[in-house]
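Residue numbers (my numbering): 37 to 308.
The C-beta atom is built at its ideal place from N, Cα and C for all residues, glycine as well.
Below is one structure, written out as structure tokens, with a few remarks after it.
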């Protein structure tokens, strides 16, 4: 059993690490509520007077409402695509038997070792050839599937007993019915993990939307923040207000689904 001093030391270390992790978020939030004089002259963390108007100023300084709409459309399309495509691929690799199944899975895992920057230019060339530049298709279609989601869902499905499939087949269920009625309800923790990570990946993505869009009609909120930074760089309180607006949905979703994320990722480590 762990001794009491060691347990106390472990909790103190975790508390310090937690404070270091939360410090940038706290500084971002408090700076967004300060006046420019408080930001430049006052070294304290908490504002003496809360400037809530910084948020309205940030919202009117750039078309954040339209940026938000573009980010919502792109993120929703990518999350739905990951859940559908990754689930179908994971089901085939986990529950079906066919020649080369393991080799295909190893090949998919090997692609995770390839730096993302190496695939950007070929993907961009395809977007230009298909005529998708400056469209939602360019933002969504090239990223409808994700190897990470396939790995997570496959690991979870491998942990489920094969007897479930056999019993369903005896009752006359086909493959799609087994997947949708038997396996998917049991895979909710893994699906929640994939959904959250897909959301964070899409919502915070900067490079790809920057490459495939060049006007405000299709710019996402992260691209909008970069434009906002160029315009309001000397005004960190407005910049931090815009950053809080951009980060709020991702933080809220993660806090809401954090238990499902932990369960889903832990289940992928079950020995086959």
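So what does DSSP say about residue i, is it helix, strand or coil?
i, result
"residue 70", "coil"
"residue 223", "coil"
"residue 256", "coil"
"residue 126", "helix"
"residue 239", "helix"
"residue 244", "helix"
"residue 271", "coil"
"residue 148", "coil"
"residue 250", "coil"
"residue 360", "Not covered by the structure: residue 360. The range shown for the chain is 37 to 308."
"residue 42", "helix"
Identify, in the order they occur along the chain, each residue of the same chain with its Cβ nearer than 7 Å to the Cβ of residue i, setting aside the five sequence neighbours on each side.
i, result
"residue 144", "183, 186"
"residue 171", "254"
"residue 307", "The pLDDT assigned to residue 307 is 45, lower than 50, so where the model puts this residue is not dependable, and the model offers no usable value."
"residue 265", "275"
To the nearest angstrom, how far is it from the Cα of residue i to the Cα of residue j?
i, j, result
"residue 67", "residue 276", "6 Å"
"residue 221", "residue 111", "23 Å"
"residue 181", "residue 69", "39 Å"
"residue 60", "residue 92", "22 Å"
"residue 246", "residue 252", "11 Å"
"residue 194", "residue 129", "9 Å"
"residue 62", "residue 83", "12 Å"
"residue 118", "residue 192", "16 Å"
"residue 199", "residue 140", "25 Å"
"residue 347", "residue 57", "The question about residue 347 has no answer, for the chain in this structure spans 37 to 308."
"residue 105", "residue 43", "47 Å"
"residue 101", "residue 169", "22 Å"
Buried or exposed for residue i, please, with buried defined as at least 16 other CB atoms from any protein chain shown within 10 angstroms of its CB.
i, result
"residue 216", "exposed"
"residue 262", "exposed"
"residue 103", "buried"
"residue 190", "buried"
"residue 126", "buried"
"residue 94", "buried"
"residue 274", "buried"
"residue 90", "buried"
"residue 278", "buried"
"residue 320", "For the chain, the structure presents residues 37 to 308; residue 320 sits outside this window and is missing."
"residue 98", "buried"
"residue 288", "exposed"
"residue 164", "exposed"
"residue 234", "buried"
"residue 219", "buried"
With the cut-off set at 8 Å, would you say residue i and residue j are in Cβ contact?
i, j, result
"residue 201", "residue 131", "yes"
"residue 159", "residue 135", "no"
"residue 107", "residue 257", "yes"
"residue 175", "residue 248", "yes"
"residue 230", "residue 122", "yes"
"residue 188", "residue 226", "yes"
"residue 285", "residue 75", "no"
"residue 23", "residue 293", "The requested residue 23 does not occur in the structure, where the chain is confined to residues 37 to 308."
Kindly list the residues whose CB is nearer than 6 Å to the CB of residue i, restricted to its own chain and excluding five residues on each side of it in sequence; keep chain order.
i, result
"residue 71", "87"
Using a beta-carbon distance below 8 Å, is residue i in contact with chain B?
i, result
"residue 104", "Checking the listed chains, one finds no chain B in this structure; it contains a single protein chain."
CB-CB under 8 Å to residue i, same chain, minus the five flanking residues each way: which ones, in chain order?
i, result
"residue 259", "103, 242, 245, 246, 249"
"residue 65", "276, 280"
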